[in-house]
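Remarks on the structure that follows.
Protein chains in written order, with the working numbering: chain A, 1 to 398; chain B, 1 to 398.
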């Protein structure tokens with residue numbers, strides 16, 4: 001049936017990471033590959049109470065269709081959280097999404113003609129590339145350092161990319177590197193977006209998982225021109241299985257995104273929206289996060305501590321202040337994918353994600369083979385430390 | 001910000017029906033406009049039991065991410081229902097979707113290059129046009145009669161449409177007309193699809209709401225070539241607020257649809273999938289439907305009975321054997337939209353959906369102004385009869 005497929009489908013292929021995530025199902029492998037949050041931190045009992053209440057008191061309404069933008073109570077709760085995070089925002093500025101992932105799809109659908117360019121961090125979130133690819137964009141990747149996207153590199157990229165349509169940024173604890181964009185650079189990024197009249201897509205799935213240091217202002221809160229589309233998610237703060245995300249944007253943009261959501265899936269689950277809204281009014285998400293953050297900090301400490309102890313000199317890794325990932329840089333020329341397949345999996349029974357998959361373009365100039373992403377989110381402490389040690393021993397012997 | 005939008009967005013506009021559905025919120029209006037099922041028929045108590053059990057016994061798993069295709073238990077249950085409905089189908093042939101609406105979006109994304117044609121019933125489901133439009137198709141509409149799509153018209157349309165990519169069909173109790181495609185025509189449609197090497201998209205949201213007559217075979221069950229993509233939904237059998245739909249198709253197609261779903265929203269809600277699967281194993285959906293069908297039959301009887309009593313001769317309406325809608329044909333030249341705005345809403349306090357919106361193309365040859373869609377699903381009996389009578393009086397006086 002392949003001869004029936006549209007041209008865009010040439011860009012739709014299974015990714016290496018999906019096959020790897022399947023390895024995570026083998027219980028004899030300690031997998032640092034997935035991006036799953038720790039299910040032990042989900043507020044299961046509270047959610048059970050919430051669903052029971054909603055189905056008891058307002059079952060018919062919660063099981064019926066509702067408007068595409070989402071139920072008013074949830075939009076208002078999200079707007080309130082945005083205001084507390086420094087933005088000007090009302091309920092009408094919020095579009096509830098099927099996870100923030102849906103925002104990546106709809107924004108590319110809104111903005112990208114084939115051959116338009118998307119400016120991304122280099123490396124960037126694989127799920128974003130997967131969402132963008134069917135719209136047949138070119139990518140214009142911008143170098144990163146420990147303060148996030150490099151502004152000289154961004155300036156150069158924008159000068160060289162006349163068909164740039166938007167800048168895709170994950171300012172907080174970026175996936176895959178764990179780095180955070182400095183405040184000064186946030187301001188500069190918006191200046192450059194203004195100069196080139198670009199939309200900015202701000203993706204913040206990990207923002208509320210800061211376990212160290214000061215929270216920095218969102219791009220949305222710094223934007224005075226309505227050019228930032230802000231994506232948020234409850235996947236890492238409540239639970240991913242609810243598929244609750246949202247977009248906040250200028251109304252001229254949000255109105256079109258709402259029509260595209262109507263076209264794509266009518267609406268998100270009324271029941272899950274009603275339950276999330278009730279969770280936010282009846283329970284204290286911030287108090288819940290106060291309990292969650294130290295748990296992730298302890299996980300980060302365990303992983304980077306074990307790496308510091310057991311990885312040979314010459315192997316570097318980031319020390320993120322939040323989120324789920326650290327980014328490992330092996331010596332140049334090292335083949336992280338080959339080493340994993342031939343050595344790490346069979347001998348150390350450990351999996352990570354080779355970094356190559358997170359680079360939007362491959363070129364001889366990009367040396368992408370010597371990186372790897374490690375998640376510290378969901379492997380128990382002792383198993384994590386033991387896995388990192390086995391990997392360290394292998395690295396030392398190689 | 002409009003100057004940033006992609007070319008496809010020219011085809012993304014608010015539809016008349018959405019503004020109309022907002023009228024449905026005015027409690028002084030009796031609205032036959034919406035397509036909502038009757039919330040009084042939702043199995044609320046059973047779903048409450050199911051969610052409570054799932055969150056008590058397997059909360060962490062049900063709140064975590066899972067695979068894009070959906071949880072195995074639900075895929076297996078859906079496959080089993082497909083087999084009972086005459087198809088060859090295993091769990092691996094099922095992709096769980098965010099409502100069948102998502103299938104409409106993903107199938108167009110899979111198949112349509114700008115300028116390719118989609119063959120549709122004339123009129124057809126508005127939500128399908130909304131989903132297809134961003135992919136910039138042309139439409140090739142096929143005449144309908146009381147046995148569904150007219151096969152001579154289809155033959156002619158296919159001969160005249162070299163860029164036809166797929167045939168979109170709602171064989172059972174079509175939206176908006178309520179008509180059902182005869183068995184003989186189902187066979188003929190597949191023959192023609194074979195001759196022209198076309199995919200067939202079979203949309204069946206109302207199929208299990210047959211309250212009269214014999215169930216006819218699905219196109220999927222008659223297909224021997226793997227060219228039918230079958231969409232199903234639990235929105236009208238369980239509840240729309242769960243957003244549970246599915247696609248069943250040849251694996252070469254389903255694998256691509258799965259990748260497009262991954263790109264679009266990662267997965268459907270794990271919690272809602274787990275709860276739906278448990279509902280299907282613990283409760284008897286067919287027994288539930290045995291109670292639901294007579295309720296809709298009584299509603300259909302009340303509406304078409306009141307129409308027969310109070311509409312003037314020369315106004316015709318279909319008598320559907322299932323589903324939620326009847327289709328009214330006013331005398332040629334009648335302006336159903338203008339009449340509603342100027343007479344029906346202010347004087348009879350009644351709303352319907354003027355038929356024009358369901359026709360994929362407008363041309364002088366298409367006389368589309370003298371139709372209207374009426375839903376009998378969710379207005380209580382006496383209010384429905386009174387509303388139809390007030391409308392009949394207005395029609396008689398006009």
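Positions of the beta carbon are idealized from the N, C-alpha and C atoms, including for glycine. These numbers were taken from a predicted model, which means no experiment stands behind them.
Within its chain, find whatever has a CB closer than 6 Å to the CB of residue 79(B); leave out the 5 residues flanking it on each side and keep chain order.
Counted from its first residue, the second chain places residue 79(B) at position 79. Excluding residues within five positions, the ones whose Cβ falls inside 6 Å are 89, 90, 91, 94.
Strictly below 9 Å CB to CB, what residues from chain B border residue 252(A)?
Mapped onto the first chain, residue 252(A) falls at position 252. Correct list: 1, 2.
Mind checking residue 370(A): buried by the 16 CB within 10 Å criterion, or exposed?
Along the first chain, one-based indexing puts residue 370(A) at 370. It counts as buried.
What are the start and end residues of each continuous alpha helix (DSSP H) run of 4 or more residues lying completely inside the stretch 247 to 318 of chain A, in chain order?
251 to 265, 270 to 282, 285 to 310, all fully within the stretch 247 to 318 of chain A.
Below 8 Å on the Cβ atoms is my guess for residue 125(A) versus residue 175(A); work out the distance and round it to an integer in Å.
Along the first chain, read from residue 1 onward, the residue named residue 125(A) stands at position 125. Along the first chain, read from residue 1 onward, the residue named residue 175(A) stands at position 175. Confirmed, about 5 Å.
Could you pull out every unbroken alpha helix (DSSP H) segment of at least 4 residues lying fully inside the stretch 145 to 223 of chain B, listed in chain order?
Counting whole runs of 4 or more residues, the stretch 145 to 223 of chain B contains the alpha helix (DSSP H) stretches 151 to 160, 183 to 195, 219 to 222.
Determine the closest residue to residue 265(B) out of 243(B), 248(B), 274(B), with distance taken between C-alpha atoms.
The residue labelled residue 265(B) in the question sits at position 265 within the second chain. The candidate whose alpha carbon is nearest that of residue 265(B) is 243(B).
In its own chain, which residues sit with a C-beta less than 8 Å from the C-beta of residue 111(A), not counting the 5 before and 5 after it?
Mapped onto the first chain, residue 111(A) falls at position 111. Taken in chain order, the residues that qualify are 165, 166, 199.
Classify residue 362(A): buried if its beta carbon has 16 or more other beta carbons within 10 angstroms, exposed otherwise.
Translated into the one-based positions of the first chain, residue 362(A) becomes position 362. Residue 362(A) is exposed by the Cβ-count criterion.
How far does the beta strand (DSSP E) with residue 51(A) in it reach, from first residue to last?
Here the question's residue 51(A) lines up with position 51 in the first chain. Careful: residue 51(A) lies outside any beta strand (DSSP E), inside the alpha helix (DSSP H) at 44 to 63.
Assess, as a yes-or-no matter, whether the stretch 215 to 223 of chain B is touched by the stretch 170 to 184 of chain B under the definition of 3 or more beta carbon pairs within less than 8 Å.
The stretch 170 to 184 of chain B is in contact with the stretch 215 to 223 of chain B.
Excluding the five sequence neighbours on either side, which residues of its own chain have a C-beta within less than 7 Å of the C-beta of residue 280(B), listed in chain order?
In the second chain, counting from the first residue as 1, residue 280(B) sits at position 280. Cβ neighbours of residue 280(B) beyond the five flanking positions: 77.
Would you list the residues sitting across from residue 138(B) in a DSSP beta bridge?
Indexing the second chain from 1 puts residue 138(B) at position 138. DSSP output for residue 138(B) lists 117(B) as bridge partner(s).
Residue 185(B): buried (16+ other C-beta within 10 angstroms of its C-beta) or exposed?
In the second chain, the residue the question calls residue 185(B) occupies position 185. Buried, by the Cβ-count rule.
Just tell me which of 41(B), 12(B), 26(B) has its CA closest to the CA of residue 236(B).
Working through the second chain from its first residue, we reach residue 236(B) at position 236. Of 41(B), 12(B), 26(B), the residue nearest in Cα terms is 41(B).
Of all Cβ atoms in chain B, is any one closer than 8 Å to the Cβ of residue 175(A)?
If you number the first chain from 1, residue 175(A) lands on position 175. By this cut-off, residue 175(A) is not an interface position.
Taking residue 381(B) as the reference, give the member of 318(B), 300(B), 205(B) with the closest Cα.
As a working mapping, residue 381(B) is identified with position 381 in the second chain. Comparing Cα-Cα distances from residue 381(B) to each of 318(B), 300(B), 205(B), the minimum goes to 300(B).
Tell me which residues share the same chain as residue 352(A) and place their Cβ nearer than 7 Å to its Cβ, disregarding the 5 neighbours each side in the sequence.
Working through the first chain from its first residue, we reach residue 352(A) at position 352. Result list for residue 352(A): 32, 33, 340, 372, 373, 374, in chain order.
What does a CB cutoff of less than 6 Å around residue 151(B) pick up in its chain, not counting 5 residues either side in sequence?
On the second chain, residue 151(B) is found 151 positions in, with the first residue counted as 1. Contacts found: 185, 188.
Could you compute how far the alpha carbon of residue 247(A) sits from the alpha carbon of residue 87(A)?
To locate residue 247(A), count along the first chain from 1; it is residue 247. To locate residue 87(A), count along the first chain from 1; it is residue 87. One C-alpha to the other measures close to 13 Å.
How far does the alpha helix (DSSP H) with residue 231(A) in it extend, from its first residue to its last?
Within the first chain, residue 231(A) is the residue found at index 231, counting from 1. Note, residue 231(A): premise wrong, no alpha helix (DSSP H); beta strand (DSSP E) at 228 to 233.
Tell me which residues of the stretch 54 to 68 of chain B have at least one Cβ-Cβ distance to chain A shorter than 8 Å, keeping chain order.
Residues passing the 8 Å Cβ filter: 55, 56, 59, 60, 61, 62, 63, 64, 65, 66.
With 8 Å as the C-beta to C-beta threshold (strictly closer), list the residues of the stretch 374 to 397 of chain A near chain B in chain order.
Here the close residues number zero.
Is there a Cβ from chain B that is less than 8 Å from the Cβ of residue 179(A)?
In the first chain, counting from the first residue as 1, residue 179(A) sits at position 179. It does not; no Cβ of chain B falls within 8 Å.
In chain order, what residues of the same chain have a beta carbon less than 7 Å from the beta carbon of residue 100(A), not counting five sequence neighbours either side?
Sequence index remark: in the first chain, residue 100(A) carries index 100 (1-based). Taken in chain order, the residues that qualify are 203, 205, 231, 232, 233, 245.
If distances are taken between C-alpha atoms only, which option among 276(B), 347(B), 225(B) comes closest to residue 251(B)?
As a working mapping, residue 251(B) is identified with position 251 in the second chain. Out of 276(B), 347(B), 225(B), 225(B) has the C-alpha closest to the C-alpha of residue 251(B).
Beta strand (DSSP E) containing residue 94(B): first to last residue?
Mapped onto the second chain, residue 94(B) falls at position 94. 94 to 98 is the extent of the beta strand (DSSP E) around residue 94(B).
Okay, do the stretch 56 to 67 of chain A and the stretch 270 to 287 of chain A touch, 3+ Cβ pairs below 8 Å being the bar?
Touching, yes.
Hey, could you find the ends of the beta strand (DSSP E) residue 374(B) is sitting in?
Residue numbering aside, residue 374(B) sits at position 374 when the second chain is read from its first letter. First-last of the beta strand (DSSP E) with residue 374(B): 371 to 375.
For a test of the three-state rule: what should DSSP assign to residue 244(A), helix, strand or coil?
As a first step, residue 244(A) is located in the first chain; it is residue number 244 there, counting from the start. Correct three-state label for residue 244(A): strand.
Residues of the stretch 82 to 105 of chain A in Cβ contact with chain B at a cutoff of 9 Å, in chain order, please.
If the cut-off is 9 Å between Cβ atoms, the stretch 82 to 105 of chain A has 97, 98, 99, 101, 102, 104, 105 near chain B.
List, in chain order, every chain A residue whose beta-carbon is nearer than 8 Å to that of residue 5(B).
As a working mapping, residue 5(B) is identified with position 5 in the second chain. The contacting residues are 110, 111, 256.
Output the boundary residues of the beta strand (DSSP E) element that contains residue 328(A).
Counting from one through the first chain, the residue named residue 328(A) turns up at place 328. Segment 325 to 329, the beta strand (DSSP E) holding residue 328(A).
Since residue 338(A) is in the alpha helix (DSSP H), which residue starts that stretch and which ends it?
Taking the first residue of the first chain as 1, we reach residue 338(A) at position 338. Where residue 338(A) is concerned, the enclosing alpha helix (DSSP H) stretches over 336 to 339.
Residues of chain A with CB under 8 Å from residue 72(B), in chain order?
Taking the first residue of the second chain as position 1, residue 72(B) is located at position 72. Result: empty, since nearest Cβ-Cβ is about 12 Å, beyond 8 Å.
Could you run through the stretch 123 to 150 of chain B and flag, in chain order, every residue whose CB is less than 8 Å away from some CB of chain A?
Residues passing the 8 Å Cβ filter: 127, 130, 131, 133, 134, 135.
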